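A quick write-up on the structure given underneath.
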Amino acid sequence: MKPRLISILVANLFVGAAPVLAADGGTEWSGSVSVGGQYVNDNARDSSKLKEYRDLDSGVLGGLEVRGRGDRYYLNGYGENIGRDDQYLDLRGGLYGTFKYRLYVDELRHNFGSGPGARSPYSGIGTSTLTATFPNANPATWNSFDHSYRRRDWGGTAEWQTASPWYIRGEANEVTRKGINVFAGAQGTSPGNGFVDLPSPIDYTTRNYTAEAGYAGTSGHVAVNFLHSKFSNGNDVLRWSNGFFGGLDTTILPPDNELNRISVNGNLRRLPGASTLAGRVTYSKLTNDVVMQQNMLSTGGTFPATVPNNSTFHGNLKNTTAAISLTSHPLDKLDTRLYYNYAKEDNDSTRMTFTPAVGSGLLAGTTNPLANCANVAGANVCVPELFHYRKHNVGAEAGYKFDRANKFSAGLDYYDMKRERIDFHGNEDTKVFVEWKNSSFDVLTSRIKYQYMQRRSQYVANEAAVAANPIDAYVRRFDLANVDQNLVKLVIDATPMPFVDLGFEAIYKNNDYKDTILGRTEDERQEYYASVSFGDPKSFRVLIFGDVEFVQFDSYHRVGTGNPDPAAPPTATTYNWSAKNKDRAWQAGLGADWVAMPRLTLKSSLVYAKTRGTTDFSVQPGGPTTTFLPIRNFDNTRRTALNLRAVYNYSKQWEFTGGYAYEKYRYSDIGYDNTLYVTGTTTSAGSVTGQFSFQPYTANIFYVVAKYKF
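Here the sequence shown is numbered in this note's numbering, starting from 3 and rising by one per residue.
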């Protein structure tokens with residue numbers, strides 16, 4: 003169903019609900035209808051950043067709000083940006099105490115690139131086959147395309163309460179995404195070859211159906227819920243011209259799948275100690291069937307057989323979760339919480355292996371042990387490892403009020419996880435926190451929290467991975483590396499006098515990665531926010547705020563094909579090096595509301611934001627003598643936004659709004675500045691679409707809206 007047809011359908015439902023309410027005695031109607039327009043003038047080579055999530059094309063603006071109240075029936079309707087790319091429509095209604103429903107449409111367009119930010123040497127963009135003749139080093143002859151996708155979520159819910167406290171609820175919705183997304187493909191297998199940006203079609207549809215039955219009483223609640231979700235993709239594969247191999251290469255796109263989940267949740271209230279016991283259990287199964295590619299493009303434009311052990315991959319993931327918590331108030335000054343969470347994923351999918359002929363050019367057909375497992379006469383002895391995990395999480399928290407103005411809280415959280423992974427097979431995280439809240443002064447409240455977290459992981463070296471890349475034996479990836487974390491948070495709110503509010507917040511977090519030889523060794527984050535607001539909202543009020551963030555992470559690395567041990571003496575080609583990355587972000591803003599006249603209100607805001615990213619390098623003494631220059635734009639942004647708006651209440655029925663917005667955005671990044679669409683003149687040259695390279699913009703936006711209230 004097309005988006006605009008859905009809009010008409012929901013609008014008709016608004017109208018169709020009116021006779022039902024009209025037949026209900028004592029019906030009262032209220033609401034509003036808004037009609038206006040906007041004019042946008044932008045100076046941008048690629049306006050996708052300006053319009054990333056907003057429909058800022060010049061045109062008509064529309065909105066509505068409807069409220070109907072009868073003796074038995076009620077209805078609420080709302081719509082904004084009607085007919086535009088980011089429209090939202092919502093209709094809710096029902097029969098008091100018996101039945102209620104909701105219908106909605108929520109649309110969004112996500113823009114990634116346009117104009118010079120969306121060019122490609124490929125033809126057939128929007129289809130599942132991209133063709134091109136290489137080399138093609140002249141971007142002026144390339145094709146332009148719309149690099150965006152439209153997301154639409156539409157559906158409804160219905161709930162019956164005729165046998166209260168028992169109820170039945172049903173829900174159905176469809177989420178579609180249609181458009182173009184860009185990812186990269188390799189022009190050959192050598193790291194010296196280029197890569198090409200591939201504009202791939204998006205034609206995703208997800209349909210969800212939910213049914214729930216439950217009991218909601220004064221002393222407890224229990225519900226059983228079943229979800230069926232089906233994802234489908236209009237394209238199974240993307241075929242594209244590979245300039246190096248000289249044929250149509252194949253990229254597998256997200257496959258269709260189905261999810262079924264059943265859950266039971268509930269709670270018991272009014273237990274001894276003013277306690278509430280809550281729990282939830284879920285079981286889900288995700289399945290799909292994917293036909294294996296029997297042939298793949300290889301050197302010389304040939305298509306050797308992949309020889310899979312099974313013609314179809316059968317995906318089968320089973321997830322089980324359980325959670326239980328007990329919150330209590332055993333003493334007047336004491337509250338507690340105990341909890342436990344469990345999760346497990348079993349992977350019963352097909353263990354796929356491929357045994358292409360030796361010398362076929364396909365990776366599994368190589369005899370190089372550094373690239374793959376041992377291969378004798380085409381017999382690949384690799385055994386795939388199916389990812390699965392199991393985790394336990396248990397914790398306890400308590401808060402005690404020493405008096406009306408002081409409360410002390412503390413907590414302990416323990417997390418244990420086992421997983422199938424090439425480096426870390428498990429980890430244990432222990433977290434403790436203490437917090438003090440103080441409200442001794444009528445005009446001042448404060449809160450300070452300290453948290454310490456310790457992670458200890460089980461590292462097991464994978465022989466095949468270390469054989470292929472010996473340096474990996476010394477690398478500890480920071481997402482699961484041993485770490486000691488310290489975090490402090492301070493919040494202060496003050497009202498020293500009427501109509502004056504002050505706020506301050508500070509956060510400090512430090513991660514010290516223990517036992518890491520190569521990888522991230524430390525990172526630190528500092529955040530500070532302050533705000534001042536003053537004035538009577540009925541006449542004139544001003545808000546001033548500022549925010550600053552500092553982030554730094556340090557890392558240590560080794561490069562080269564010589565001795566992989568970081569403790570080994572360096573050479574000109576094998577040596578250690580370090581990097582220090584810093585990100586700085588500043589934001590300041592000013593807002594003011596002025597009731598200039600009883601019927602006229604003026605609103606304004608000015609926000610300036612800036613980010614700066616840098617990286618400094620240092621090389622181990624004895625390494626190469628080449629100077630490693632720092633990166634000073636990684637990445638840097640500046641954004642200024644000014645908004646001026648006037649609202650005039652002409653009468654009880656009519657309201658007029660007019661406004662002006664100014665936005666200026668500047669972007670600089672070493673990866674995108676001075677973009678070259680193509681890196682050479684050979685068939686294996688890399689090429690990009692220009693995405694993110696031309697996004698700076700300046701925009702002037704004017705709008706007027708007339709609202710009629712009834």
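A virtual CB, placed ideally from N, CA and C, is assigned to each residue, including glycine. The structure displayed is predicted, hence computed values, not measured ones.
Contact the stretch 95–112 vs the stretch 149–158: 3+ CB pairs below 8 Å: Two segments are said to touch when three or more pairs of C-beta atoms, one from each, lie closer than 8 Å; by this definition the stretch 95–112 touches the stretch 149–158.
8 Å contact criterion, which Thr700 and Asn45 should meet: CB distance rounded: Right, the Cβ-Cβ distance comes to about 5 Å (below 8 Å), so this counts as a contact.
Sequence ranges, beta strand (DSSP E) only - wholly within the stretch 485–532, length at least 3: Counting whole runs of 3 or more residues, the stretch 485–532 contains the beta strand (DSSP E) stretches 485–499 and 502–515.
Whether Leu631 touches Ser606 by CB criterion (9 Å): At a Cβ-Cβ threshold of 9 Å, Leu631 and Ser606 do not count as neighbours.
Neighbour-count burial assignment, Thr329, 16 or more Cβ in a 10 Å radius: Counting the other CB atoms within 10 Å of its CB gives Thr329 a total of 16 or more, which places it among the buried residues.
Thr178, buried or exposed, once every other Cβ within 10 Å from all chains shown has been counted against 16: Buried: at least 16 other Cβ atoms inside 10 Å.
Cβ pair Phe435, Lys335 closer than 9 Å: No; because the gap between Cβ atoms is not below 9 Å, this pair is not in contact.
Straight-line Cα distance separating Asn290 from Leu261: When rounded, the distance between both Cα atoms is 9 Å.
Nonlocal neighbours in the same chain, by C-beta distance under 6 Å from Val649, ignoring five residues either side: The residues are Thr603 and Thr659.
Asn138 burial status per 10 Å Cβ neighbour count (16 or more: buried): Burial call: buried.
Three CB pairs or more closer than 8 Å across the stretch 386–395 and the stretch 338–353: By the criterion of at least three beta-carbon pairs nearer than 8 Å, the stretch 386–395 is in contact with the stretch 338–353.
Spatial distance of Pro539 from Ile127 (CA atoms): One C-alpha to the other measures close to 54 Å.
Helix, strand or coil at Ala466 according to DSSP, with G and I counted as helix: Three-state result, Ala466: helix.
Whole-angstrom distance between Phe305 and Gly317, CA atom to CA atom: Between Gly317 and Phe305, the alpha-carbon positions lie close to 26 Å from each other.
Contacting residues, own chain, Cβ-Cβ under 7 Å from Val42 (five flanking each side not counted): So the qualifying residues of the chain are Leu58, Asp59, Ser60, Ala701 and Ile703.
Simplified DSSP assignment, three categories, for Ile424: DSSP places Ile424 in coil when its eight states are reduced to three.
Assigned secondary structure, Leu365 (DSSP; H/G/I helix, E/B strand, else coil): If DSSP states are grouped into helix, strand and coil, Leu365 belongs with the helices.
Residue closest to Glu665, alpha-carbon to alpha-carbon, out of Gly79, Gly593, Leu608 and Val690: Nearest Cα to Glu665 within the set Gly79, Gly593, Leu608 and Val690: Leu608.
Extent of the continuous beta strand (DSSP E) run through Phe619: Counting along the chain, the beta strand (DSSP E) containing Phe619 begins and ends at Leu602 to Val621.
Three or more C-beta pairs below 8 Å linking the stretch 247–257 and the stretch 281–301: Touching, yes.
Straight-line gap, Glu54 to Gly119 (C-alpha atoms, nearest Å): Cα to Cα, Glu54 sits roughly 13 Å from Gly119.
Beta carbon of Tyr610 nearer than 9 Å to that of Arg640: A distance below 9 Å separates the beta carbons of Tyr610 and Arg640.
Meets three-Cβ-pair contact criterion under 8 Å: the stretch 421–430 and the stretch 452–460: Verdict: yes, contact present.
Proximity below 9 Å, CB of Gly245 to CB of Gly303: No, the Cβ-Cβ distance between Gly245 and Gly303 is not below 9 Å.
Contact the stretch 510–521 vs the stretch 477–487: 3+ CB pairs below 8 Å: With three or more CB-CB distances shorter than 8 Å, the stretch 510–521 counts as touching the stretch 477–487.
Proximity winner among Trp31, Thr100, Gly64 and Gly38, relative to Arg71 (alpha-carbon distances): The shortest Cα separation from Arg71 among Trp31, Thr100, Gly64 and Gly38 belongs to Trp31.
Gly194, buried or exposed, once every other Cβ within 10 Å from all chains shown has been counted against 16: With fewer than 16 other Cβ atoms from the protein chains shown falling within 10 Å of its own Cβ, Gly194 counts as exposed.
Sequence-distant residues of its chain with Cβ nearer than 7 Å to Ser116 (five each side left out): Answer for Ser116: Asp48, Ser49, Ser50, Asp148 and His149, listed in chain order.
Distance, Glu551 Cα to Ser327 Cα: Between the alpha carbons of Ser327 and Glu551 lies a gap of roughly 36 Å.
Rounded straight-line distance, which links the Cα of Glu176 to that of Phe712: One C-alpha to the other measures close to 34 Å.
Delimiting residues of the beta strand (DSSP E) encompassing Trp242: Here the beta strand (DSSP E) through Trp242 covers Val239 to Asn244.
The beta strand (DSSP E) enclosing Glu657, as first and last residue numbers: That run of the beta strand (DSSP E) goes Trp656 to Ser670.
Local Cβ density within 10 Å of Arg634, reported as buried at 16 or more and exposed below that: Counting Cβ neighbours within 10 Å, Arg634 comes out exposed, since fewer than 16 surround it.
Extent of the continuous beta strand (DSSP E) run through Asn269: In this chain, the beta strand (DSSP E) harbouring Asn269 covers Asn259 to Leu273.
Simplified DSSP state of Pro118, which is helix, strand or coil: Taken through DSSP and simplified to helix, strand or coil, Pro118 comes out as helix.
Where Ala574 falls: helix, strand or coil (DSSP): In the structure shown, Ala574 sits in coil (DSSP, three-state: anything other than H, G, I, E or B).
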